[in-house]
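The opening position of the sequence shown corresponds to residue -5 in this note's numbering, with each subsequent residue numbered one higher.
All remarks here apply to the structure that follows.
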Amino acid sequence: MCSMLMICFHSQPKSTGKQIRCLPQRTFIEIQQKCDLCGYNRSWQNQPMLHKNMPAGNLLLSGARHLTGCVVSQTLRTLSLLGVQTISAGTYFRRERLCTIPSVLLAWEEQQSALMRQEYGDGTMLSGGCRSDSRGHCANYGSYTLIERLNKSSEVPNSSWC
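Here it is in structure tokens:
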């Protein structure tokens, strides 16, 4: 990949003192060009850097894989077989743990609270329950119930209990 990009950088400057370096780092590529004779300098990056020098492509690749549900090992193997620079499995899992999952949870909680404010802003309370198929195991399968409950207290002023 770097060799094809280097062709673009051999056009300028037209001097004998030019130095061109390609610095690939997984999905991130930086090409630096410097001329010792005239002082010409330029740098090109294939993607922006995010917080703490993280290439945007690494985060986008982790997010895309996570949100589509593809298997990590198969996705990374396919990309490397195609000759595409990619991240390692360790980098993927680190990005998932630190960025992708917290972002998904935050978006879910914000969406859920906005929906609750919209639907149940009038003081209505929700009650719910679950009955699992097998006791002592996870509650993946079972019946779930969610109902609206209005809290009204009816007090009779002169009632007597037996």
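Idealized CB from N, CA, C, for every residue including glycine.
As far as DSSP is concerned, Ser107 takes part in no beta bridge.
Boundaries of the alpha helix (DSSP H) harbouring Gln68: Val66 to Leu75, taken from the DSSP string. In the structure shown, Ile23 falls within a strand segment according to DSSP collapsed to helix, strand and coil. If the five residues before and after Arg125 are omitted, its C-beta is found closer than 7 Å to the C-beta atoms of Gly136 and Ser137, all from its own chain and listed in chain order. For Ser56, the enclosing alpha helix (DSSP H) stretches over residues Ala50 to Thr62.
In its chain, beyond the 5 residues on either side, Pro49 have a beta carbon closer than 8 Å to the beta carbon of Gln19. Counting of Cβ neighbours within 10 angstroms places Leu55 among the buried residues, the total reaching 16 or more. One alpha carbon belongs to Ile141, the other to Phe22, and they sit about 51 Å apart. Taking the CA atoms as reference points, Val65 sits about 17 Å from Val78. Proximity to Gln26 across Cys32, Tyr34 and Cys16 peaks at Cys16, based on C-alpha coordinates. Here the C-alpha atom of Thr62 lies approximately 11 Å from the C-alpha atom of Thr69.
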